[in-house]
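Enquirer: Just dropping this structure here.
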Ligand SMILES: C[S@@+](CC[C@H](N)C(=O)[O-])C[C@H]1O[C@@H](n2cnc3c(N)ncnc32)[C@H](O)[C@@H]1O
C-alpha cells in the first residue's frame, strides 16, 4: 500500500501544473492538440499488456515525456481496471489485449504524448483515502496537501471544542476548493463536521460538487462560486463563526510561472497557481477576512511557499487585529510549508460580547 502510494506520487510533476489568469480555455487540452501530437500507428498484430507498457515507455522516452515508465504503466493499469501494474496478476499482463483495449491504450497514451498530466488522462486521482474525479483545468491535488489535511484533523481531534460556534457544530470554510480534495477529506474523517467550500472557478465548484456526490458527502458540504478578491462582501455576508478556515491558495511568485513544466503550464488553471508578485495576493485577502469569518479561537491553516511563513507573521502583526500567528509547520521534507494562525478577541471585545 505504501509503495503504491509513493509510486503514484512520483507522477505529481513538480509542484504546480497550469494557465494565464482568467484564461480558462488556454489551459484546456483540445482535440487539435492531440491530433497534432503524432501517435505511432496501432500494432498490426496482437499485443499483450506488458508489451504495450514497454512500447509506450520507450515511445514516451523518445519523445521527451517525463516519467515515461510510470506514465505508461499507470495508463495501462487504469484501462485494465487496476490502480497499479504491480497489483495485476501476471496472467492479465501476459494475455493479449482485445483490439478495443489496444485502441483505448493508444488513445490515452497519445493524450499523454501531448504532455497532458496522467491524472487528467485517466480522469481520476487518489488523495488520502479518496479517489477523486479529475478534469482540466481544475488543479490536481498534490501530496503535500495531504499533510495540510492531517494538521487540521489532528487539531480537531485533539481539541474537539476548537472554535466551536454557538450552535456547537464544528464548521470549516475552505477558500479555493479545486477538486474538493481538502474539504471532502475532512468531511470523510470528521462525521460531525459541516464544510463550506468556495472557488473563483465554476469548473472547480462543479467538480467539487460532483466528487461530493460520488463520495456521498454532499449533505454536509455547501459549495459557492465566489472570488474572494472581488466578492469580499459576499464572504462576510455568508460566513461567520466558523471553527476553521483552510486554504491551499495560489501562492507561486508570478516570476516563477514561466519555469513550470509543460504538464502544469499548459493544462492547469493559472489562477490556481499565480499568487502575484510576492505570491501572497490571495493569502493576504484570506487573512484580512479571517477574524470576521472565524469564531473566537478558530484557526486558519494555510499551505504556502517555504519563503512565506516569516512574511505572513510580520504582515499579520502589522495589518490584522485579532489574529495571532501560532506556528509554522514543516512538510515531510523538512520545508516550512504550513502557517497556522488563531483568532483571539481583545479583552474589550470579549467583555462586550458577554454583556
Ligand atoms: C492551488 S489550488 C488548490 C485546490 C485544492 N484546494 C487542492 O488543494 O487541490 C488553488 C485554488 O484556489 C482557487 N482560487 C484562486 N484565486 C481565488 C480567489 N480569488 N477566490 C477564490 N478561489 C480562488 C483556484 O481556482 C484553485 O482552485
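In our numbering, the protein residues as written are 110 to 464.
Glycine included, every Cβ here is placed at the ideal spot set by N, Cα and C.
Can you find at least 3 beta carbon pairs, one from the region 281-295 and one from the region 250-258, that sit closer than 8 Å?
Expert: Result yes; three or more Cβ-Cβ pairs closer than 8 Å.
Enquirer: Three Cβ pairs or more, each shorter than 8 Å: is that satisfied between the region 219-227 and the region 407-416?
Expert: Segments in contact, no.
Enquirer: Could you tell me the distance, in whole angstroms, from the CA atom of residue 156 to the CA atom of residue 169?
Expert: Using only the alpha carbons, I get a separation of about 18 Å.
Enquirer: Beta carbon of residue 392, beta carbon of residue 399: below 8 Å?
Expert: No, Cβ-Cβ distance for residue 392 and residue 399 is not below 8 Å.
Enquirer: With DSSP as the reference, please indicate the residues paired to residue 52 in a beta bridge.
Expert: Summary: the structure shown does not reach residue 52, with the chain confined to residues 110 through 464, and so no result is reported for it.
Enquirer: Which partner residues does residue 240 have in the DSSP bridge list?
Expert: Bridge partners of residue 240: 235.
Enquirer: In or out: residue 419 buried (at least 16 other Cβ within 10 Å) or exposed?
Expert: Burial call: exposed.
Enquirer: Say yes only if the C-beta of residue 268 is nearer than 7 Å to one or more non-hydrogen atoms of ligand 1, and no if none qualify.
Expert: No.
Enquirer: Run through DSSP, which three-state label would residue 193 get?
Expert: Of the three classes helix, strand and coil, the one that applies to residue 193 here is coil, per DSSP.
Enquirer: Please state the DSSP three-state secondary structure of residue 440.
Expert: Residue 440 falls in the coil class under three-state DSSP.
Enquirer: In angstroms with no decimal places, state the Cα-to-Cα distance between residue 328 and residue 342.
Expert: Their backbone Cα atoms lie some 26 Å apart in a straight line.
Enquirer: Express the C-alpha separation of residue 430 and residue 405 in angstroms, rounding to a whole number.
Expert: When rounded, the distance between both Cα atoms is 13 Å.
Enquirer: Measure the beta-carbon distance from residue 282 to residue 305 and round it to whole angstroms, keeping in mind my assumption that it falls under 8 Å.
Expert: Sure, about 5 Å apart at Cβ, within 8 Å.
Enquirer: Please report the residue range of the alpha helix (DSSP H) in which residue 406 lies.
Expert: No alpha helix (DSSP H) contains residue 406, which is instead part of the beta strand (DSSP E) from 403-412.
Enquirer: Residues in its own chain within less than 8 Å of residue 159 by CB, not counting five upstream and five downstream?
Expert: Once the five neighbours on either side are set aside, the close Cβ partners of residue 159 are 202, 203.
Enquirer: From residue 448 to residue 171, what does the alpha carbon distance come to, in whole angstroms?
Expert: Taking the straight line joining both Cα atoms gives about 42 Å.
Enquirer: Whole angstroms are fine: how far does the CA of residue 337 sit from the CA of residue 362?
Expert: Roughly 19 Å separates the two Cα atoms.
Enquirer: Excluding five sequence neighbours on each side, which residues of the same chain lie with their C-beta closer than 7 Å to the C-beta of residue 388?
Expert: Cβ neighbours of residue 388 beyond the five flanking positions: 360, 361, 362, 414, 417.
Enquirer: Looking at the strands, I want to know which residues DSSP matches up with residue 470.
Expert: Because the chain is modelled from 110 through 464, residue 470 falls outside the range shown and cannot be assessed.
Enquirer: Looking at residue 263 and residue 352, is the spacing between their C-beta atoms short of 8 Å?
Expert: No; because the gap between Cβ atoms is not below 8 Å, this pair is not in contact.
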